[in-house]
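Trainee:
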Amino acid sequence: MTGSDREAPQRSVDRPHPASRIAAKFAALKAEGRGALVTYLQGYDPDRETSLALLRGLPGAGADLIEVGVPFTDPMADGPAIQRAAQRALKVGATLEGVLGLVRDFRQGDDGTPIILMGYYNPILAYGVDRFCVDAAAAGVDGLIVVDVPPEEAGEIEPQARAAGLDLIRLVAPTTDDARLPRVLAATSGFVYYVSITGITGTRSATAASLEEAIPRIRKHTSLPIAIGFGIRTPQQAGEAARLADGAVVGTALVDTLAASLEEDGTARPETVGLVLDQVGALAAAVRGR
Amino acid sequence: MNKPLPNTYRQGPDSQGRFGQFGGRFVAETLMPLILEVEQAYEAAKRDPAFDAEWRRLLTHYVGRPSPLWFAERLTAHLGGAKVYFKRDELNHTGAHKINAVLGQILLAKRMGKTRIIAETGAGQHGVATATVCALFDLPCTVFMGATDVERQQPNVFRMKLLGAEVVPVTSGAATLKDAMNEALRYWVANVQDTYYCIGTVAGPHPYPVMVRDFQSVIGEEAKQQMQAAEGRLPDALVAAIGGGSNAMGLFYPFLDDSSVRMYGVEAAGHGVETEQHAASLTKGRPGVLHGNRTYLLQDAHGQITEAHSISAGLDYPGVGPEHSWLHELGRVQYVSATDDEALAAFQLCSKLEGIIPALEPAHALAHVIRMAPTLPKEEIILMNLCGRGDKDIFTVARHLGVEM
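Here the protein sequences come in this chain order: A and B. The opening position of the first sequence corresponds to residue 1 in the UniProt record's numbering, with each subsequent residue numbered one higher. The opening position of the second sequence corresponds to residue 1 in the UniProt record's numbering, with each subsequent residue numbered one higher.
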């Protein structure tokens with residue numbers, strides 16, 4: 001299944017097909033001749049109000065697609081920076097329901113920027129998979145990255161996500177060999193998230209050489225856009241990745257800036273939002289080749 | 001949900017690693033190819049008589065198996081009811097049952113060409129067993145251990161270091177077993193090429209629950225034969241402590257289809273299952289997904305994992321092996337619990353009556369035996385897995401009893 005040949009999912013007529021935002025965005029950027037800047041911040045980090053202000057500011061600062069991390073107590077694919085972000089968010093009462101509320105509020109002022117929720121399966125299970133997919137689509141979510149649901153367990157959530165019109169974006173890792181790639185890609189829609197390192201988020205970066213080898217390998221198997229993530233920190237790295245693939249995902253570097261701007265007790269300061277958005281601006285300029 | 005065939009409880013898991021709805025392979029893509037490689041290697045090793053022969057040679061001459069079956073005569077007289085037998089896995093080299101599965105897994109790692117071993121540990125028993133076997137096979141070993149557990153299990157930390165292992169204190173979360181497992185998985189993701197993750201219990205992504213169960217089943221297989229020799233029949237009840245549940249699965253599995261044998265898994269009730277301070281995942285939790293498998297978990301209404309509590313670092317885990325979740329829902333095994341205080345009392349009683357200082361983990365099982373034996377007729381037989389010895393716990397127990405050491 002690819003983005004183009006999937007069946008049209010059931011949807012209500014009074015809102016746009018949610019998954020179409022991702023395809024539309026990548027198509028528009030392709031026409032512009034550049035790749036996408038995908039940003040990641042954890043929902044509710046460090047509090048709901050700041051998190052919403054960041055979300056609302058991201059498109060203007062140059063984010064093309066937005067990943068919202070769903071806080072979880074045991075984020076086993078994440079490095080220390082995102083672990084701490086989750087702890088800050090949980091401390092102020094973040095829940096999956098609350099994150100959907102954030103997206104709903106964001107959608108009031110922005111109907112074009114794709115929103116992807118990224119997180120772990122257990123909060124979705126606790127919410128109820130069926131109800132979650134319906135509510136997420138209704139809130140304006142376009143795609144899901146459920147880190148700990150590999151293609152082998154796709155039956156857990158894929159039917160519900162498809163029925164709700166949500167893209168299921170899958171991770172492809174350096175360990176995903178050619179024999180396995182078709183299986184992973186067959187279970188992917190929206191775009192492919194290439195995890196550029198064997199490791200957890202924000203701990204090290206891939207070499208340009210390894211990316212130059214990896215991206216064509218994946219392209220042979222899919223026509224979906226490919227975004228590179230895990231380990232992209234600087235504008236230069238983001239620019240290179242966005243040129244080599246179809247998008248660059250920056251998460252930990254933004255979370256680090258956010259964390260460094262906080263008071264000692266972990267609460268936001270007046271400059272928190274501005275500092276993070278300035279960094280997004282610098283990344284966006286590099287992705288746009290400026 | 002898949003139902004088992006009515007005539008066997010021993011056919012699981014299915015090809016997806018599921019015991020009914022429980023189990024599975026909930027890991028990030030980076031690990032998935034490696035999990036499949038472990039599964040393939042294990043399937044091949046199982047069919048190789050040379051692998052089994054080498055494992056059994058080590059069990060006999062290095063571990064000291066078979067472990068004895070001991071009729072606890074003074075305890076039986078004291079309780080005044082059913083006869084109580086101990087399966088004495090505390091006499092194994094390294095002092096617990098953990099080494100049975102560690103030997104199997106390290107032999108597997110060698111077959112796979114892995115050159116570095118990592119493990120998580122709570123009480124330190126699995127860490128010590130892994131460090132021991134790594135010393136024997138000259139493999140570098142890194143053990144992840146919650147910083148809280150490093151504090152309360154100092155003797156085992158020192159043991160691991162003596163054996164040449166690196167002990168990494170984990171400070172994230174509550175800094176106990178759950179967090180050590182997260183950190184081991186994170187390290188593994190970053191070192192997939194050369195590293196084997198030696199999991200200490202019947203949990204984690206498939207094939208770990210079935211593989212660790214198979215290796216630990218040596219406990220139940222031996223006990224079945226030994227009971228036949230001692231009493232000429234099967235026991236009436238089996239009792240074992242449950243953290244992740246490896247010693248219990250090892251004892252129960254060979255008896256699962258013997259319908260006359262009742263089985264009791266004893267969870268850690270900490271300060272009481274009516275409080276927030278316990279580790280009773282089956283008694284008080286509900287199904288969810290953590291550490292690669294679907295199983296009963298301690299979690300809040302929003303699916304966030306809550307901290308477990310137990311005086312025993314080995315039971316201080318908010319989950320349980322998926323096969324236990326399945327046996328719980330089928331009703332084949334009764335899952336009960338014992339508090340910190342009940343375990344402390346059992347710890348002391350066993351020391352005084354039998355001259356055996358048990359680990360705090362099997363002291364929970366013994367607490368249930370103490371409740372149960374007096375209610376049963378004298379002809380009945382209870383078999384308890386005494387899965388670890390208490391040397392590592394004497395400091396903890398002394399502190400709880402107000403003794404300065």
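Cβ atoms here follow ideal geometry from the backbone N, Cα and C, with glycine treated the same way.
Between the C-alpha atoms of A147 (chain B) and L107 (chain B), what's the straight-line distance to the nearest angstrom?
Mentor: Along the second sequence, one-based indexing puts residue 147 (chain B) at 147. Along the second sequence, one-based indexing puts residue 107 (chain B) at 107. Using only the alpha carbons, I get a separation of about 29 Å.
Trainee: Report yes if the C-beta distance between G250 (chain B) and S217 (chain B) is below 7 Å; otherwise report no.
Mentor: On the second sequence, position 250 is the one that residue 250 (chain B) refers to. On the second sequence, position 217 is the one that residue 217 (chain B) refers to. In this structure, the beta-carbon distance from G250 (chain B) to S217 (chain B) falls below 7 Å.
Trainee: Starting from G199 (chain A), find everything on chain B with Cβ-Cβ shorter than 7 Å and list it in chain order.
Mentor: Residue 199 (chain A) sits at position 199 when you count from the first residue of the first sequence. Those within 7 Å of G199 (chain A) in chain B are V189, A190.
Trainee: Under the assumption that R74 (chain B) contacts Y253 (chain B) (Cβ atoms under 8 Å), give the Cβ distance between them as a whole number of angstroms.
Mentor: What you label residue 74 (chain B) is simply residue 74 of the second sequence in a count that begins at 1. What you label residue 253 (chain B) is simply residue 253 of the second sequence in a count that begins at 1. With 8 Å as the limit, R74 (chain B) and Y253 (chain B) do not qualify as a contact, their Cβ atoms being about 30 Å apart.
Trainee: Starting from I219 (chain B), follow the alpha helix (DSSP H) in both directions and report where the run begins and ends.
Mentor: If you number the second sequence from 1, residue 219 (chain B) lands on position 219. I219 (chain B) -> alpha helix (DSSP H) spans 218-231.
Trainee: Helix, strand or coil, according to DSSP, for G93 (chain A) in the structure here?
Mentor: Along the first sequence, one-based indexing puts residue 93 (chain A) at 93. The answer is coil: DSSP assigns G93 (chain A) none of H, G, I, E or B.
Trainee: Going straight from the alpha carbon of R11 (chain A) to that of D130 (chain A), what length do you get?
Mentor: By one-based count along the first sequence, residue 11 (chain A) stands at place 11. By one-based count along the first sequence, residue 130 (chain A) stands at place 130. Any reading at R11 (chain A) must be qualified, since the residue scores a pLDDT of 41, below 50, and its modelled position is unreliable; no value is offered.
Trainee: What do you reckon, are the CB atoms on G284 (chain A) and L37 (chain A) nearer than 7 Å?
Mentor: Mapped onto the first sequence, residue 284 (chain A) falls at position 284. Mapped onto the first sequence, residue 37 (chain A) falls at position 37. According to the sequence shown, residue 284 (chain A) is Ala rather than Gly. Using a Cβ distance threshold of 7 Å, A284 (chain A) and L37 (chain A) count as a contacting pair.
Trainee: When we look at the beta-carbon of A8 (chain A) and count the other beta-carbons within 10 Å, is it buried (16 or more) or exposed?
Mentor: Stepping through the first sequence from its first residue, residue 8 (chain A) is reached at position 8. Confidence at A8 (chain A) is low in this model, with a pLDDT of 42, below 50, so its placement is unreliable and no value can be given for it.
Trainee: Spatial neighbours of L103 (chain B) within its chain, please: CB distance less than 8 Å, with the 5 preceding and 5 following residues excluded, ordered by chain position.
Mentor: For the purposes of this step, residue 103 (chain B) is taken as the residue at position 103 of the second sequence. Cβ within range, chain order: W55, L58, L59, Y62, V63, V133, F215.
Trainee: Please check if any C-beta of chain A sits within less than 7 Å of the C-beta of residue 407 (chain B).
Mentor: The structure shown does not extend to residue 407 (chain B), since chain B is modelled only from 1 to 405, so the question has no answer here.
Trainee: Tell me residue 483 (chain B)'s beta-bridge partners as DSSP assigns them.
Mentor: Coverage of chain B is limited to positions 1 through 405, which leaves residue 483 (chain B) absent and any answer about it impossible.
Trainee: In chain order, which alpha helix (DSSP H) runs of at least 4 residues are fully inside the stretch 209-272 of chain A?
Mentor: 235-244, 252-260
Trainee: Which residues share a DSSP beta bridge with Y296 (chain B)?
Mentor: Taking the first residue of the second sequence as 1, we reach residue 296 (chain B) at position 296. According to DSSP, which records beta bridges pairwise, Y296 (chain B) is partnered with B:P287.
Trainee: Where does T175 (chain A) sit, in a helix, a strand or coil, going by DSSP?
Mentor: Taking the first sequence and counting its residues from 1, the one referred to as residue 175 (chain A) is at position 175. Note: T175 (chain A) maps to coil in three-state DSSP.
Trainee: Which same chain residues, not among the five before or five after G245 (chain B), have their C-beta less than 8 Å away from its C-beta?
Mentor: Here residue 245 (chain B) refers to the residue found at position 245 when the second sequence is read from its first residue. T201, V202, A203, G265, V320, G321, E323, H324.
Trainee: Under 9 Å between beta-carbons, which chain A residues line up against T176 (chain B)? List them in chain order, please.
Mentor: What you label residue 176 (chain B) is simply residue 176 of the second sequence in a count that begins at 1. Under the 9 Å cutoff, chain A gives no residues; its nearest Cβ is about 12 Å from T176 (chain B).
Trainee: In chain B, what lies closer than 9 Å to R170 (chain A) by C-beta?
Mentor: As a working note, residue 170 (chain A) is residue 170 in the first sequence. Chain B residues near R170 (chain A): E29.
Trainee: Please give me, in chain order, every unbroken run of the alpha helix (DSSP H) with length at least 4 that falls completely inside the stretch 333-396 of chain B.
Mentor: 340-354, 360-372
Trainee: Which residues does DSSP list as the beta-bridge partners of T195 (chain B)?
Mentor: Numbered from its first residue, the second sequence carries residue 195 (chain B) at position 195. According to DSSP, T195 (chain B) bridges with B:R116.
Trainee: Enumerate in chain order the residues of its own chain whose CB-to-CB distance from P80 (chain A) is below 8 Å, with the five nearest sequence positions on each side excluded.
Mentor: Here residue 80 (chain A) refers to the residue found at position 80 when the first sequence is read from its first residue. Taken in chain order, the residues that qualify are G202.
Trainee: For A237 (chain B), does the three-state DSSP call read helix, strand or coil?
Mentor: Position 237 of the second sequence, counting from 1, holds the residue named residue 237 (chain B). Three-state result, A237 (chain B): strand.
Trainee: Helix, strand or coil for V13 (chain A), going by three-state DSSP, please let me know.
Mentor: Here residue 13 (chain A) refers to the residue found at position 13 when the first sequence is read from its first residue. Confidence is the limiting factor: at V13 (chain A) the pLDDT is only 40, short of 50, which leaves the residue's position unreliable and the question unanswerable from this model.
Trainee: Which whole runs of the alpha helix (DSSP H) in the stretch 32-115 of chain B are 4 residues long or more, in chain order?
Mentor: 32-46, 49-58, 73-79, 98-111
Trainee: Answer with buried or exposed for S210 (chain A), where buried requires no fewer than 16 other C-beta atoms within 10 angstroms of its C-beta.
Mentor: For the purposes of this step, residue 210 (chain A) is taken as the residue at position 210 of the first sequence. That one is exposed.
Trainee: Give, in chain order, every unbroken run of the beta strand (DSSP E) that is at least 3 residues long and sits entirely within the stretch 114-175 of chain B.
Mentor: Runs of beta strand (DSSP E) with 3 or more residues, each lying fully within the stretch 114-175 of chain B, are found at 116-121, 141-146, 166-170, listed in chain order.
Trainee: Considering E67 (chain A), what are the terminal residues of the alpha helix (DSSP H) in which it resides?
Mentor: Counting from one through the first sequence, the residue named residue 67 (chain A) turns up at place 67. It is not in any alpha helix (DSSP H) - E67 (chain A) instead sits in the beta strand (DSSP E) that spans 65-69.
Trainee: Between E49 (chain A) and the rest of its own chain, which residues show a CB-CB distance below 7 Å, the 5 nearest in sequence each way excluded?
Mentor: In the first sequence, the residue the question calls residue 49 (chain A) occupies position 49. Once the five neighbours on either side are set aside, E49 (chain A) has no close Cβ partner at all.
Trainee: For L125 (chain A), decide whether its Cβ has a neighbour in chain B, counting only Cβ atoms nearer than 7 Å.
Mentor: Position 125 of the first sequence, counted from the start, is the residue given in the question as residue 125 (chain A). Proximity of L125 (chain A) to chain B, defined by a Cβ-Cβ separation below 7 Å, is satisfied.
Trainee: Judging by CA-CA distance, which residue of A:A27, A:R233, A:R243 is the nearest neighbour of E212 (chain A)?
Mentor: Position 212 of the first sequence, counted from the first residue, corresponds to residue 212 (chain A). For the residues A:A27, A:R233, A:R243, the minimum Cα distance to E212 (chain A) belongs to A:R243.
Trainee: What is the C-beta distance between D246 (chain A) and P225 (chain A), in whole angstroms, given that I count them as a contact (C-beta under 8 Å)?
Mentor: Start at 1 with the first residue of the first sequence, and residue 246 (chain A) comes out as number 246. Start at 1 with the first residue of the first sequence, and residue 225 (chain A) comes out as number 225. Confirmed, about 4 Å.
Trainee: List the endpoints of the continuous beta strand (DSSP E) containing L41 (chain A).
Mentor: Reading the first sequence from its first residue, position 41 is the one you call residue 41 (chain A). Counting along the chain, the beta strand (DSSP E) containing L41 (chain A) begins and ends at 36-42.
Trainee: So what does E267 (chain B) bridge to, in DSSP terms?
Mentor: Position 267 of the second sequence holds residue 267 (chain B). DSSP output for E267 (chain B) lists B:I242, B:S337 as bridge partner(s).
Trainee: Could one say the Cβ of I382 (chain B) lies closer than 7 Å to chain A's Cβ atoms, at least one of them?
Mentor: Taking the second sequence and counting its residues from 1, one reaches residue 382 (chain B) at position 382. No - not a single Cβ of chain A is within 7 Å of the one on I382 (chain B).
Trainee: Mark F158 (chain B) as exposed unless 16 or more other C-beta atoms lie within 10 angstroms of its C-beta, in which case mark it buried.
Mentor: Looking up residue 158 (chain B) in the second sequence gives position 158. Flag for F158 (chain B) reads exposed.
Trainee: Take the Cβ of A184 (chain B) as the centre, count every other Cβ of all protein chains shown within 10 Å, and call the residue buried at 16 or more, exposed below.
Mentor: Start at 1 with the first residue of the second sequence, and residue 184 (chain B) comes out as number 184. Buried.
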